[in-house]
Amino acid sequence: MSGAASVERLDQWVTRQARQRPFAGAVVLGEDRLTYGELEDLSNRLARCLLDAGCEPGDRVCLLMPKSPIAIMAIVAIYKAGGIYVPLDPAGPAPRLAKIIASCEPRWMLAAGPVGGLLETLMAGEGWRESTRVGWVQSDGTQAEPVWADFSARDLDRYAGSPVAASTQRRDPAHIFYTSGSTGVPKGVVITHSNMIAFIEWAVPYFEMRPQDRISGHSPLHFDLSMLDIFGTFAAGAELHLVPPELNVLPNKLAEFIRGSELTQWFSVPSALNYMAKFDVVRVHDFRALRRVMWCGEVLPTPALMYWMRRLPGVRFTNLYGPTETTVASSYYTVPACPEDAAPVPIGQPCDGEVLYVLDEDLRPVPAGEVGELFIGGVGLSPGYWGDPEKTRAAFLTNPRSSHPEERIYRTGDLARVGTDGLVYFLGRADAQIKSRGYRIELGEIEAALHALGILQEVAVIALPTEGFEGASIYCAYVPLPGRSLTPTELRGELSRLLPAYMLPASWLSVETLPTNPNGKIDRRRVAEMFRQPEAARHETHPA
Ligand code: AMP
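Each residue of the sequence shown is one higher than the one before, counting from 5 in my numbering.
Rendered as structure tokens:
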């Protein structure tokens with residue numbers, strides 16, 4: 005950004021690039037591409053259309069569409085209209101999406117792609133409010149326009165493409181990302197324009213993002229890492245190359261994509277890197293244009309990092325760490341040289357404006373080298389969970405030891421220690437939150453969904469680390485209601501109506517009783533042992 009003046013809202017980076025370089029590529033997916041000029045023009049039209057239809061500052065606007073240049077355009081338009089962007093996973097099951105919709109009460113739903121059936125189910129559901137209007141912004145005619153849409157892409161032609169002046173300010177919410185909630189209801193993390201701008205203004209110069217860059221857009225839009233892809237690219241005036249999601253299970257094709265698109269920067273969850281390492285698809289000195297690889301969201305096993313660093317000696321590798329609640333990432337560590345052994349790499353030091361604290365139960369700093377819980381303060385801190393002051397109070401505390409009495413800190417639930425090198429090391433979770441293929445999952449949400457089926461007497465969901473690329477694997481032991489037999493396949497089928505595929509346990513065990521500890525609670529350690537025993541070959545495993 006080389007000293008460029010800051011912005012008030014995220015969309016202003018697009019306007020700035022469109023003025024300076026309207027013909028430069030902004031976002032690409034296969035044959036589908038938008039220049040900065042086109043992105044600016046279309047997003048101004050869509051913003052006008054939303055404003056014309058009564059969108060007011062702070063109105064929530066849900067986005068239900070696959071990752072595409074049009075979806076990115078719609079995000080920019082929502083900001084221009086002063087709305088709050090709420091991404092919905094178009095592959096998500098309707099009951100879970102309905103909970104998110106009931107929580108954020110959108111004024112608008114912008115949809116495109118093969119989501120017509122899903123949207124009809126949502127609109128027929130109990131939580132749908134009549135006042136929510138639907139815009140169908142598919143522009144290529146591949147999907148028929150549903151009769152119930154309040155406006156369609158064709159209507160945009162009626163609006164001017166000149167700049168729109170929204171009254172939103174820096175401190176206003178920009179988006180709400182819903183993460184897994186332990187009680188079965190997803191939690192809506194509110195992120196302001198200011199939170200996001202501060203992160204991008206650190207990331208762009210640190211990662212030396214510049215107009216010549218071709219940056220990956222690997223994360224799904226409902227995952228907050230996508231915000232660095234999109235707005236890092238736009239702040240730098242670079243070109244965003246959306247990675248087709250189907251390549252995730254085709255490591256060879258994924259590598260080909262990096263090669264063919266001549267990507268200069270790659271950012272993803274570790275599982276994508278791990279997967280390519282496992283299938284050995286990276287050649288020595290491969291990906292000639294690539295300068296930087298970044299990952300975030302969970303631990304990248306050091307052997308996988310060594311694989312990458314040996315093959316790509318000229319590339320810089322950075323570990324980013326942070327929860328959604330503190331805006332994409334709060335700390336970073338650029339690995340100085342290929343590690344010589346498999347010791348974990350640190351999560352490093354705080355990004356500009358962020359503070360990391362390793363504290364004990366009384367919120368006192370633990371001595372260097374000792375394990376404590378990681379708390380985060382600073383410019384990335386979310387104002388809290390949408391419509392949930394209780395959960396907000398439990399997770400966002402005032403820092404009793406700060407000289408600023410107002411300073412808030414976020415309780416991450418992560419265990420950490422500060423090393424003798426002054427860097428922070430991640431040591432795992434203090435609770436039942438896990439990561440599987442980069443997805444943040446509360447095991448409690450899976451249990452709550454299983455209970456909600458009303459066909460089980462007892463159930464325990466646990467996670468165990470795997471040797472493979474997928475992080476933790478999820479296991480479920482259950483006791484059917486008396487007199488009822490229920491095969492794992494049947495139960496899995498029922499659960500898939502309520503939860504996305506990445507939350508479905510991979511292994512299942514039907515038992516007569518679950519082990520309990522002396523205070524009568526389910527003994528999860530012994531449940532884990534049940535799955536480790538050879539005779540537990542009785543359990544049924546499903547491809548995840
Ligand atoms: P999410 O809100 O989905 O970004 O998940 C946040 C959680 O992911 C953190 O609290 C950590 O448990 C984990 N996490 C994020 N980044 C890393 C990393 N680089 N290394 C280890 N764990 C990570």
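For each residue, glycine too, the CB sits at the ideal point set by N, CA and C.
Quick caveat: nothing in here was measured; it's all calculated off a predicted structure.
Residue i CB to nearest heavy atom of ligand 1 below 7 Å
i    : result
F430 : yes
N48  : no
N403 : no
L232 : no
G301 : yes
L244 : no
G423 : no
K282 : no
R433 : yes
L324 : yes
P371 : no
G549 : Since the first and last residues shown for the chain are 5 and 548, residue 549 lies out of range.
P327 : yes
R320 : no
I82  : no
K439 : yes
T470 : no
R444 : yes
T306 : no
T237 : no
T183 : yes
Span separating the alpha-carbon of residue i from that of residue j
i    : j    : result
V11  : E449 : 38 Å
D93  : H179 : 15 Å
E358 : I351 : 13 Å
P459 : V465 : One point to set straight first is that residue 459 is Ile, not Pro, in the sequence displayed. If I take the Cα positions, the gap works out to 16 Å.
P215 : V208 : 11 Å
Y311 : Y337 : 18 Å
G96  : P224 : 12 Å
L485 : I104 : 30 Å
V515 : P248 : 41 Å
P26  : G41  : 4 Å
S107 : V193 : 11 Å
S47  : E494 : 46 Å
F238 : T331 : 17 Å
D425 : Q353 : 11 Å
G87  : V31  : 22 Å
A293 : P409 : 48 Å
G487 : D233 : 52 Å
D63  : Q142 : 22 Å
R405 : P73  : 46 Å
M200 : D217 : 21 Å
S489 : R530 : 23 Å
D366 : L324 : 28 Å
S135 : A259 : 45 Å
Y89  : E109 : 12 Å
G58  : S166 : 19 Å
Cutoff 8 Å: residue i Cβ touching any chain B Cβ
i    : result
L294 : Among the chains of the structure shown, chain B does not appear; only one protein chain is present.
CB-CB length for residue i against residue j, believed under 8 Å
i    : j    : result
V65  : R111 : 7 Å
A346 : P307 : 5 Å
F246 : I219 : Correcting the residue type first, residue 246 is Leu in the shown sequence and not Phe. About 10 Å separates the two Cβ atoms, so there is no contact after all.
V18  : E44  : 6 Å
A279 : P305 : Correcting the residue identity first, residue 279 is Tyr in this sequence and not Ala. Wrong, their Cβ atoms sit about 12 Å apart, outside the cutoff.
L33  : Y83  : The Cβ separation is near 21 Å, so there is no contact.
L360 : P369 : About 11 Å; that fails the 8 Å criterion.
Residues near residue i in its chain [Cβ-Cβ closer than 7 Å; skip 5 each side]
i    : result
A102 : L126, G129 and G131
H546 : R496 and A510
R444 : T183, S184 and Q437
L52  : It should be noted that the sequence gives Arg, not Leu, for residue 52. Counting only Cβ-Cβ distances below 7 Å, and skipping sequence neighbours, we find Y163, A164 and V168.
R320 : R295, R296 and T338
Nonlocal neighbours in the same chain, by C-beta distance under 6 Å from residue i, ignoring five residues either side
i    : result
P70  : P94 and G117
R137 : W112 and D154
P91  : L67, L225 and H226
W270 : S220 and V297
E329 : V193, S386 and Y414
A372 : V422
S230 : S223
8 Å Cβ shell around residue i - same chain, five flanking residues per side excluded
i    : result
I526 : E462, A464, L518, P519 and T520
K257 : L251
R287 : R315
T470 : A476 and S477
L503 : P97, R100, E449, I450 and A453
Check whether the region 410 to 426 touches the region 373 to 383, taking contact to mean three or more Cβ pairs, one atom from each stretch, closer than 8 Å.
Verdict: yes, contact present.
Is the region 398 to 412 touching the region 424 to 444 in the sense that three or more CB pairs, one from each, lie closer than 8 Å?
Because the criterion of three Cβ pairs below 8 Å is not met, the region 424 to 444 and the region 398 to 412 do not touch.
Count the CB pairs spanning the region 29 to 38 and the region 145 to 159 that are closer than 8 Å, and state whether there are at least three.
no
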